[in-house]
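Asks:
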Amino acid sequence: SQFNGTWDALIKIARNEGITSLWSGLSPTLVVAIPTTVIYFTFYEQLRIELNNYFKNSETSSEIWVPMLASLTAQFSTTSCVSPVELIRTRMQSKRSNYYDLVNVVEGLVKLHGWRGLWKGVTATLWRDVPFSGIYWMCYENMKSYYYPDKDVTFWFSFTTGSASGTLAAFVTTPFDVVKTRQQLDMADEIYKGGVVLSLNDQTIP
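Whatever position you read off the sequence shown (first residue = 1), add 52 for my numbering.
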């Protein structure tokens, strides 16, 4: 590997490509993060309320199932909506690309694979994000209900419980993240090797 750890990677990237390269892909990352957050938490809260009302008169315990079902459904919907932008973000962070280059990547992707190509890697993404969300919220909400059933949680409880829940969820779903990233990067390389992207010099499609 060309990097010997996180700090070594940060130093080498900043030295060889400039300090601003550490923020490459920030714009599409924000484009992903904002709608993802809005869509996800809107879905999650509404579903959680509806499911709590549904299980209220049921003999089935809602403490485990409500956060899991609400988060699974919310994450599936969110990931399906923002997957094309996630594909662009991955491509931008993999190479030093500008806006014009990314437009060409999208055009080349559609030309080769149709509009469905924009959802390349979405299956692996769903396998990563949906279980992650379900595991995270199920663990967090159940620990909160167990330790703080009738009062507000403390900052440190939220911090430690959130960290533990996130660690467990990440451990389970990281293999799918690796698959998703490689699928999307392979797709981008295929576009470039196939000569579909506009040349930055002559701006013509071969």
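Every residue, glycine too, gets a C-beta built ideally from N, C-alpha and C.
1. Take A122 as the anchor and find which of I187, S76, V158 and S73 has the nearest alpha-carbon.
2. In whole angstroms, what is the alpha-carbon distance linking W167 and I91?
3. Among the residues of its own chain, which have a CB less than 8 Å from the CB of Y192, if the five just before and after it don't count?
4. Is the Cβ-Cβ distance between L78 and I65 less than 8 Å?
5. What is the DSSP secondary structure of K172, counted as helix, strand or coil?
6. Considering only the alpha carbon of each residue, which of I116, V231 and N104 lies closest to W179?
7. For my contact list, T125 and F95 are in at a C-beta cut-off of 8 Å; report their separation, rounded to the angstrom.
8. Does E159 have its Cβ less than 8 Å from a Cβ in chain B?
9. Please name the residue, chosen from N104, F107 and T130, that lies closest to F25 on a Cα-to-Cα basis.
10. If we ignore side chains and look at the alpha-carbon of each, how far apart do Q98 and I86 end up?
11. Considering just the uninterrupted stretch of the alpha helix (DSSP H) at I65, what are its terminal residues?
12. Reducing DSSP to helix, strand and coil, say where Q98 ends up.
13. Does DSSP put R213 in a helix, a strand or coil?
14. Going by alpha carbons, who is nearest to N194 out of D181, T226 and F209?
Replies: From the atom records:
1. For the residues I187, S76, V158 and S73, the minimum Cα distance to A122 belongs to I187.
2. W167 and I91: Cα-Cα distance of roughly 22 Å.
3. Exclusion of the five residues before and after Y192 leaves P119, T213, G214 and S217 as the residues of its chain whose Cβ lies within less than 8 Å of its Cβ.
4. Going by C-beta atoms, L78 is not nearer than 8 Å to I65.
5. Coil, per DSSP.
6. The residue with the shortest Cα to Cα distance from W179 is V231.
7. Yes, they are in contact, since the Cβ atoms of T125 and F95 sit about 7 Å apart, within 8 Å.
8. Looking at the structure shown, chain B is missing, and only one protein chain is on hand.
9. Outside the shown range of the chain, which is 53 to 258, sits residue 25, and nothing can be said about it.
10. Approximately 18 Å, taken between the alpha carbons.
11. Segment T58 to E69, the alpha helix (DSSP H) holding I65.
12. Three-state DSSP puts Q98 in a helix.
13. The residue you asked about is not Arg; residue 213 is Thr in the sequence shown. Correct three-state label for T213: helix.
14. Ranking the options by Cα distance to N194, first place goes to F209.
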